[in-house]
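Asker:
Protein chains in written order, with this note's numbering: chain A, 1 to 454; chain B, 1001 to 1372.
#1: Tell me the DSSP secondary structure of residue 1264/B in three-state form.
#2: Is DSSP giving residue 1345/B helix, strand or coil here?
#3: CB-CB under 6 angstroms to residue 94/A, same chain, minus the five flanking residues each way: which ones, in chain order?
#4: Please return the same chain residues whose Cβ sits closer than 7 angstroms to the Cβ of residue 1330/B, not counting the five positions on each side in sequence.
#5: Which residues, in chain order, does the region 196 to 212 of chain A contribute to contact with chain B at a C-beta distance below 9 angstroms?
#6: Buried or exposed: residue 201/A, going by 16 or more other Cβ atoms within 10 Å of its Cβ?
#7: Measuring straight from C-alpha to C-alpha, what distance separates residue 446/A and residue 307/A?
#8: Would you mind stating whether residue 281/A and residue 302/A have Cβ atoms separated by less than 8 angstroms?
#9: Does the region 62 to 75 of chain A come close enough to the region 139 to 150 of chain A to have 3 or more Cβ pairs within less than 8 angstroms?
#10: Sort 1214/B, 1165/B, 1132/B and 1216/B by Cα distance to residue 1236/B and report the nearest one.
#11: Take residue 1164/B and list the residues in its own chain whose beta-carbon comes closer than 7 angstroms to its own, dropping the five residues that flank it on each side.
#12: Could one say the Cβ of residue 1200/B lies closer than 8 angstroms to chain A's Cβ atoms, at least one of them?
#13: Between the beta-carbon of residue 1064/B and the beta-carbon of residue 23/A, is there less than 8 angstroms?
#14: Thinking C-alpha only, which one of 354/A, 54/A, 355/A and 407/A is nearest residue 291/A?
#15: What does residue 394/A reach in chain B if we use C-beta pairs closer than 7 angstroms?
#16: My assumption, with CB atoms under 8 angstroms, is that residue 1265/B sits in contact with residue 1246/B. Please give the rounded CB distance.
#17: What's the gap between the Cα of residue 26/A and the Cα of residue 76/A?
#18: With 8 angstroms set as the bound, which would you pick, yes or no: does the beta-carbon of residue 468/A sit closer than that to a beta-carbon of chain B?
#19: Grab the span of the beta strand (DSSP E) containing residue 1018/B for me, first residue to last.
#20: I believe residue 316/A touches residue 275/A by the beta-carbon criterion, under 8 angstroms. Please report the beta-carbon distance rounded to the nearest angstrom.
#21: Contact between the region 1182 to 1197 of chain B and the region 1134 to 1152 of chain B is defined here as three or more beta-carbon pairs at a separation below 8 angstroms; is this criterion met?
#22: Secondary structure at residue 1291/B, three-state DSSP: helix, strand or coil?
#23: For residue 1151/B, return the contacting residues in chain A, with the cut-off set at a CB-CB distance below 7 angstroms.
#24: Is DSSP giving residue 1233/B helix, strand or coil here?
#25: In chain B, which residues lie with their C-beta within 9 angstroms of the C-beta of residue 376/A?
#26: Residue 1271/B by DSSP, collapsed to three states: which one?
#27: Evaluate residue 404/A with the Cβ neighbour count: other Cβ atoms within 10 Å of its Cβ, from every protein chain shown; 16 or more gives buried, anything less gives exposed.
#28: Assuming contact is defined by CB atoms lying nearer than 8 angstroms, are residue 344/A and residue 372/A in contact in what I supplied?
#29: Quick check on DSSP: helix, strand or coil for residue 1005/B?
#30: Which complete beta strand (DSSP E) runs does the region 54 to 88 of chain A hold, if anything under 3 residues is left out?
#31: Going by beta carbon distance, what residues of the same chain come within less than 7 angstroms of residue 391/A, once the five residues before and after it are set aside?
#32: Do the region 1104 to 1118 of chain B and the region 1052 to 1061 of chain B meet, that is, are 3 or more Cβ pairs less than 8 angstroms apart?
#33: Chain B partners of residue 370/A, CB-CB under 7 angstroms?
#34: Ignore the nearest five residues each way along the sequence and tell me which others in residue 442/A's own chain have a CB closer than 8 angstroms to its CB.
#35: Between 1032/B, 1293/B and 1025/B, which lies nearest to residue 1231/B when the distance is taken from Cα to Cα?
#36: What do you get for residue 337/A, buried or exposed, if any count of 16 or more other CB atoms within 10 angstroms of its CB means buried?
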């Protein structure tokens, strides 16, 4: 059994409510932070823990917090990004639904460290029932003196507001989220200025993912030095992985970042292997926007090492042979899945969710979708594959926000690793409508890397 | 107190001028200047094209991505290059920054891509578009575009909409630069139009087909880089290159209006009135709707003289100014002998009016020029 930090008490009945949460050691971290550590102490612990943002980019949280500008007389804000809309990712939902107090406690500690007196939870509109759960938890915490004025007699004030989004993927981008929170159209802002300097209502703001903020609680509980002993290298602590696709046991798993990808997919503790004893064809290890990997590259890196469930190992080899841990939306595809179809699904999603502010993303996503549609439905040409490659290349890196990159990467990776499947689709338009390309050679062992020249 | 503090600021500015290198040309600019404006200070070919940035509109820019440049050296203090291409209209310069625009193949490639994206859903109906001849997208695609499209699908279309009596919205041509939105925000009392929808379905529209009715709303026509917003009082009346632009002014009652305009005339007829635009197509000062739409008589105006139009513009076609006459090598070739005039038409006929030198006429030649 892997060690757990976030979900270790998730199985306790009634943990959703304050009394059960409190009697199981809840709010001990908040007490410790408010009464003994102080804001600088909390920041120090978070820095020591090496905690990295769990929303996708993996930016060190302590560093992000230390960037916040602290001008006199200007309020600071903490915004919790609960706009979890990446296809394949549903870890935050689990956390908020079952242990809302863990998030509230994390928000309290983080706000205290940042000196923020207002905190917003921006939650995606489709999670219609969760704001009620959160608001109930906030009311309970307020009742017991953990929120509001003069918390636990320390003189620190904090209000937490829950704001529902209207269901746009783009509002998960931090500046678009801030715009939306201000009541405007959810268009990403042009950076700089970064939110740490001018964010919500032109005030310094930190935007963090739900899981990141919840992870602050165990860090304060056990201390940064202890937290760093979880995981491997720079991937410290535990990570929630929402596993889905063709596996026996889809769901949210908390893993310590020291297990291999193979173990995660095949062990009974986690995914429990591929459904119906089929063979693994491909996997998207971190939510829809990270590059898809074929089975052979997923389990072993190009260097022949075992691929681990860590930020570094999954990114090993760059985009040529690697991927990203991303937000932890682990999508497994068996031999019956069609990569072209899968890529089309993602392209359709990004086309639908593009905000339309900057031209490469607005026009390019729709174009990619239409070209992919042609290939998928047997109307493609060989030149379309190169065209797709060229379109994604011209979107990537040229847009205001990372949505352009997120739209380009899945297409790029699919063509990079599965080009023969695309070509088969074009060459056999009739056949491709009735059957799939199958596993082909995608699980074949990689050729051993050439020994270094002496 | 005031003079001292202004002096202080001036002193500080003098000390703090930033040295920037754009395409290996050095320029010194004040801190806070954007790369685009630094390039405009140099002028010429190193100026990146800008479709959405408008120096008179606060907050504009960053959206069209045509002005992308490569920052090959961040600053003297931090010489690392920036990882991605940056929008030069919204990136401020740092001391010692080195920027590559036309010297970077990566930038030119990205720009070509952006132009292709912008033209993807554009109808390319220039032959019937009122903006033709003064359209930024036309210039941009001429300079940076490909000669054919790779797009094989149906283009997105919209119905034409009348935004009140004066403005026509042709959304199909729009490139969503947001300039008209910023104009309405910053110039008029109340913005009544904006962007609806998202992605490639987003469109400029009013809330339930309201008409745009405000003293300064006509300026959206001037700021529109393409033919999406056109002047209803001028639509299909004439091509801009057949008209003669003249600078004119009147004492406008509206205190916010500068009253300085360009009249686009043919003979004594005023076809349209616009604000004066600089060489980047940006208006020098905004004008009110009374000047723009209601004063269409030459007697309403005090005419200052012909408007200088950039040589490379189609509006100045057939009309050459400031040209340098090449050296005539004929005499040299003929060993110093002068060529002999065989037949002088002017001595035979007065049809061609030798007293009028075509090259001295500003703007297109007109029958009026011969009535003198």
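Don't be surprised by glycine CBs; every beta carbon is placed ideally from N, CA and C.
Answerer: So, from the data block:
#1: Reading the second chain from its first residue, position 264 is the one you call residue 1264/B. If DSSP states are grouped into helix, strand and coil, residue 1264/B belongs with the strands.
#2: Taking the first residue of the second chain as position 1, residue 1345/B is located at position 345. Residue 1345/B: helix per DSSP, three-state reduction.
#3: In the first chain, the residue the question calls residue 94/A occupies position 94. Excluding sequence positions up to five before and after residue 94/A, its CB lies within less than 6 angstroms of the CB of 252, all in the same chain and listed in chain order.
#4: Position 330 of the second chain, counted from the start, is the residue given in the question as residue 1330/B. Cβ neighbours of residue 1330/B beyond the five flanking positions: 1339.
#5: Look at the region 196 to 212 of chain A: it has no residue with a C-beta under 9 angstroms from a C-beta of chain B.
#6: In the first chain, residue 201/A corresponds to position 201, counting from 1. By the neighbour-count rule (16 or more Cβ atoms within 10 Å), residue 201/A is not buried but exposed.
#7: For the purposes of this step, residue 446/A is identified with residue 446 of the first chain, where counting begins at 1. For the purposes of this step, residue 307/A is identified with residue 307 of the first chain, where counting begins at 1. Answer to the nearest angstrom: the Cα atoms are 13 angstroms apart.
#8: Translated into the one-based positions of the first chain, residue 281/A becomes position 281. Translated into the one-based positions of the first chain, residue 302/A becomes position 302. No; because the gap between Cβ atoms is not below 8 angstroms, this pair is not in contact.
#9: no
#10: Along the second chain, read from residue 1 onward, the residue named residue 1236/B stands at position 236. The shortest Cα separation from residue 1236/B among 1214/B, 1165/B, 1132/B and 1216/B belongs to 1132/B.
#11: As a position in the second chain, residue 1164/B is number 164, starting the count at 1. Excluding residues within five positions, the ones whose Cβ falls inside 7 angstroms are 1211, 1212 and 1213.
#12: Here residue 1200/B refers to the residue found at position 200 when the second chain is read from its first residue. Yes - at least one Cβ of chain A is within 8 angstroms of the one on residue 1200/B.
#13: As a working note, residue 1064/B is residue 64 in the second chain. As a working note, residue 23/A is residue 23 in the first chain. No. Outside cutoff.
#14: The residue labelled residue 291/A in the question sits at position 291 within the first chain. The shortest C-alpha separation from residue 291/A is found at 407/A.
#15: The residue given as residue 394/A occupies position 394 in the first chain. Correct list: 1110 and 1113.
#16: Residue 1265/B sits at position 265 when you count from the first residue of the second chain. Residue 1246/B sits at position 246 when you count from the first residue of the second chain. Between residue 1246/B and residue 1265/B the Cβ distance is about 6 angstroms, and since that is below 8 angstroms, they are a contact.
#17: Taking the first residue of the first chain as 1, we reach residue 26/A at position 26. Taking the first residue of the first chain as 1, we reach residue 76/A at position 76. Residue 26/A and residue 76/A: Cα-Cα distance of roughly 26 angstroms.
#18: Residue 468/A lies beyond the stretch modelled for chain A, which goes from 1 to 454, so this question has no answer here.
#19: Working through the second chain from its first residue, we reach residue 1018/B at position 18. Taken as a continuous stretch (DSSP letters only), the beta strand (DSSP E) holding residue 1018/B covers 1018 to 1022.
#20: Along the first chain, one-based indexing puts residue 316/A at 316. Along the first chain, one-based indexing puts residue 275/A at 275. Contact doesn't hold; Cβ gap of about 28 angstroms is too wide.
#21: no
#22: Counting from one through the second chain, the residue named residue 1291/B turns up at place 291. It is helical.
#23: The sequence position of residue 1151/B within the second chain is 151, counting from 1. Under the 7 angstroms cutoff, chain A gives 367.
#24: Counted from its first residue, the second chain places residue 1233/B at position 233. Residue 1233/B falls in the coil class under three-state DSSP.
#25: The residue given as residue 376/A occupies position 376 in the first chain. Near residue 376/A there are no residues of chain B at all, since even the closest Cβ is about 15 angstroms away, more than 9 angstroms.
#26: Looking up residue 1271/B in the second chain gives position 271. Three-state DSSP puts residue 1271/B in a strand.
#27: As a working mapping, residue 404/A is identified with position 404 in the first chain. Here residue 404/A is buried, its C-beta having at least 16 other C-beta atoms within 10 Å.
#28: For the purposes of this step, residue 344/A is taken as residue 344 along the first chain, with counting starting at 1. For the purposes of this step, residue 372/A is taken as residue 372 along the first chain, with counting starting at 1. Their beta carbons are under 8 angstroms apart, which means residue 344/A touches residue 372/A by this criterion.
#29: Walking along the second chain from the start, residue 1005/B turns up at place 5. At residue 1005/B the pLDDT is 49, less than 50, meaning the model places this residue with poor confidence; the figure from the coordinates comes in the next sentence. Here residue 1005/B sits in helix by DSSP.
#30: Taken in chain order, the unbroken stretches of beta strand (DSSP E) that lie wholly in the region 54 to 88 of chain A and span 3 residues or more are 77 to 82.
#31: On the first chain, position 391 is the one that residue 391/A refers to. Once the five neighbours on either side are set aside, the close Cβ partners of residue 391/A are 364, 367 and 368.
#32: With fewer than three CB-CB distances shorter than 8 angstroms, the region 1104 to 1118 of chain B does not count as touching the region 1052 to 1061 of chain B.
#33: Working through the first chain from its first residue, we reach residue 370/A at position 370. Residues of chain B passing the Cβ test: 1153.
#34: Position 442 of the first chain, counting from 1, holds the residue named residue 442/A. Excluding residues within five positions, the ones whose Cβ falls inside 8 angstroms are 281, 282, 294, 295, 296, 417 and 418.
#35: One-based indexing of the second chain puts residue 1231/B at position 231. Cα-wise, what sits closest to residue 1231/B is 1293/B.
#36: What you label residue 337/A is simply residue 337 of the first chain in a count that begins at 1. Burial call: buried.
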